[in-house]
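Per UniProt numbering, the very first residue in the sequence shown carries number 1; after that it's consecutive.
The C-beta atom is built at its ideal place from N, Cα and C for all residues, glycine as well.
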Amino acid sequence: MVMGYLRDREVVVRYAGGESRRMTSKGCIQGSIAGPTFWNLVLDSLLRELGDLGVYVQAFADDVVLMFSGQSASALEAETNRALAHVRDWGDRNKLRFAPSKTNAMVLTRKLKFDVPVIRMGNTNALVDEIRLLGLTIDKGLTFIPVAKACKGLPAFIKA
């Protein structure tokens, strides 16, 4: 059964009365029961490698969260960019690509003034003011105003 997921797979697209067939050797059938298990097997090596580098990492499905702490922007910048470079290298080794536009970084600090680190995934600046994680929007001030706004609109959505 496992080999059926890994070789001799054909993708069939039917649209507007036509049909297109192609052989594929990448990916896993979306919605398949075994898909999450296969992904966990692949992702486990990245989680272990990042842990060995001293990076705090959490994963849920295909979302991976890295957390860093430091006393200066330059220290955070160096550690974060080193870890992101490792993630890119791991992806290359495993024939996976990460979308730089979906890679976000946010600074959480109590300081009113601080140097902003430059965090990059490829050529894309990853620094943002809000991050959406598992459906929850977290803002850099930890005010949770975006969450309150979403909840405010919820009753109207439920009534509809």
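Local conformation of Phe60 per DSSP, three classes: DSSP places Phe60 in strand when its eight states are reduced to three.
Span separating the alpha-carbon of Gly35 from that of Phe60: 14 Å
Residue(s) in a DSSP beta bridge with residue 177: Since the first residue of the chain shown is 1 and the last is 160, residue 177 is not available in this structure.
Distance, Leu66 Cα to Tyr56 Cα: Each residue's alpha carbon lies about 6 Å from the other.
The region 109–118 touching the region 84–94, judged by at least three CB pairs closer than 8 Å: no
DSSP three-state assignment for Ser20, whether helix, strand or coil: strand
Beta-carbon proximity check, Leu50 vs Ala75, cutoff 8 Å: no
One or two residues paired with Met67 in a DSSP bridge: DSSP lists Tyr56 as partners of Met67.
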